[in-house]
Amino acid sequence: MKLNVGFVGFDGTESKRAIPAIHRVKEAEGIQGDMNVLLRTPHARAKSMVSKFTRMRNVRAFLTDENDRAGWEKIGTRIEGGYDDFFEESDVIVVGTPEDQELPYVEASIAHDCNTVLMGGAHRAEILNSLDEKKVEISGKIREDLGREFFFGLENYQRFLKAAPKLVQCTSCNTTALCRTVLAARPLGLYAVLGNLDRRSGDPHNIVKVSPNAIQFGSGVGHQGKDAGTVFKDVKFSVRASKVPITMPHVHQLNLVFEGEQKPEMLLERLSNTRRVVVVPYDDAGKKHDWTGEILEAFVSGFERPMSPEIFELLFSDAIIPFKLGDYTILQTVMLVEQMSLPVPNYAEAYLLFCGFPAEQVHSSVDRALGVVHGVWPDKLS
93 MKLNVGFVGF DGTESKRAIP AIHRVKEAEG IQGDMNVLLR TPHARAKSMV SKFTRMRNVR
153 AFLTDENDRA GWEKIGTRIE GGYDDFFEES DVIVVGTPED QELPYVEASI AHDCNTVLMG
213 GAHRAEILNS LDEKKVEISG KIREDLGREF FFGLENYQRF LKAAPKLVQC TSCNTTALCR
273 TVLAARPLGL YAVLGNLDRR SGDPHNIVKV SPNAIQFGSG VGHQGKDAGT VFKDVKFSVR
333 ASKVPITMPH VHQLNLVFEG EQKPEMLLER LSNTRRVVVV PYDDAGKKHD WTGEILEAFV
393 SGFERPMSPE IFELLFSDAI IPFKLGDYTI LQTVMLVEQM SLPVPNYAEA YLLFCGFPAE
453 QVHSSVDRAL GVVHGVWPDK LS
């Protein structure tokens with residue numbers, strides 16, 4: 093099998109994690125095909141990243157603007173072709189640009205009949221409106237894809253495989269975390285998910301904004317619950333998203349509402365048996381795992397991956413507070429979402445979707461290739 097894959101925004105938060113992950117999956121499954129990147133402005137970070145990926149993953153570089161050729165060739169970058177060549181020589185395009193920059197790449201993908209993977213921040217309704225305003229001719233299939241549910245392979249891979257889309261949008265990091273939680277909790281009678289997501293807003297280059305007085309609370313429900321609701325239509329979501337000045341991770345404080353009586357132990361058992369979820373004990377032989385930095389440091393330093401130190405798992409604290417309310421049980425929970433690495437296995441599954449992998453094979457293939465685990469940390473991981 094051969095399927096060339098091209099990355100737009102290769103040095104961005106998402107694609108720079110997706111590239112080594114998809115490369116690892118390709119190698120593990122013996123899938124042939126080139127790894128292509130589209131060069132844009134030759135700034136320092138992009139130049140260092142293309143040098144790294146050329147050395148480690150043998151990526152092929154294509155130029156957006158001929159005026160930038162000298163800047164790229166000066167650092168030894170070999171240019172394989174131009175903008176149109178990039179799309180012509182890529183079967184799948186992974187668009188990892190900042191939100192609101194996706195339109196020209198979606199349009200080019202359509203023009204060159206490429207399959208397309210959008211990351212979580214894209215606004216497909218706005219992309220569709222812009223395509224219509226520009227009078228771009230698009231097929232009924234693409235129009236359908238732009239309105240389809242979000243791709244969360246652990247739940248809807250088979251549905252997408254049957255639909256044979258040309259374009260998919262993967263869930264964002266926070267939406268992925270919500271979906272993994274619901275995947276575990278729904279068989280126990282989950283009725284609704286309520287709560288708050290503390291979204292990190294303190295990227296290193298914005299460190300000047302990291303002040304205790306810079307918390308920006310959401311005025312209404314965020315897109316994360318709405319997006320998860322397209323995947324799990326039988327669960328109600330009302331989730332606020334606030335911006336908190338931390339560098340990592342996102343922290344979810346969620347109330348899971350169950351019909352009937354439910355015990356924390358049952359939820360923890362379900363979570364520990366759900367792919368890509370790790371339960372972290374709050375009290376571990378007298379040592380408290382009760383603050384974010386310590387938990388992340390302990391997990392990363394004590395766990396060795398075959399490809400990188402990224403945290404692909406949803407880290408779920410076992411410190412659950414139960415509350416009975418009439419015929420319902422509310423379990424108050426807290427979990428850690430390590431920024432943009434959490435949805436990376438889903439990106440790899442989106443690539444395998446376009447390879448035609450069967451559903452019963454894809455999840456284990458990705459987890460095995462990336463070293464993703466589930467269970468109770470640190471002694472009961474599978």
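Here the sequence shown stands for residues 93 to 474, where the numbers follow our numbering. For each residue, glycine too, the CB sits at the ideal point set by N, CA and C.
Closest option to Ala217, judged by alpha-carbon separation, among Gly239, Lys227, Pro356 and Ala203: Gly239. Judged by beta-carbon spacing, Met127 lies beyond the 8 Å limit of His135, meaning their Cβ atoms are not closer than that value. Judged by DSSP in its simplified three-state form, Ala153 adopts strand. Cβ-Cβ separation between Val372 and His381: approximately 6 Å, consistent with a contact (criterion under 8 Å). Separation of the CB atoms of Ser334 and Leu289 is rounded to 7 Å, and the pair is thereby assigned contact status at 8 Å. In the structure shown, Ile413 adopts extended strand secondary structure according to DSSP, grouped into three states.
For Gly232, the enclosing alpha helix (DSSP H) stretches over residues Gly232 to Asp237. The DSSP-derived three-state label of Gln345 is strand. Ala442: member of the alpha helix (DSSP H) spanning Val436 to Cys447, first to last residue. In the DSSP assignment, no residue is bridged to Asn248.
Our two residues, Asn305 and Gly312, have alpha carbons roughly 20 Å apart in a direct line. Around the C-beta of Asn221, fewer than 16 other C-beta atoms lie within 10 Å, and the residue is accordingly described as exposed. Pairwise C-beta distances place the stretch 338 to 348 in contact with the stretch 415 to 424, as three or more of them are shorter than 8 Å. Here Asp459 carries a helix assignment [DSSP, helix/strand/coil].
In this structure, Ala200 keeps its C-beta atom at 8 Å or more from the C-beta atom of Gln261. Contact between Arg367 and Asp459 holds, since their C-beta atoms are separated by about 6 Å, short of 8 Å.
Contact between Lys108 and Met141 holds: CB atoms are separated by about 6 Å, below the 8 Å threshold. Distance from the CA of Lys139 to the CA of Leu131, rounded to the nearest whole angstrom, comes to 9 Å.
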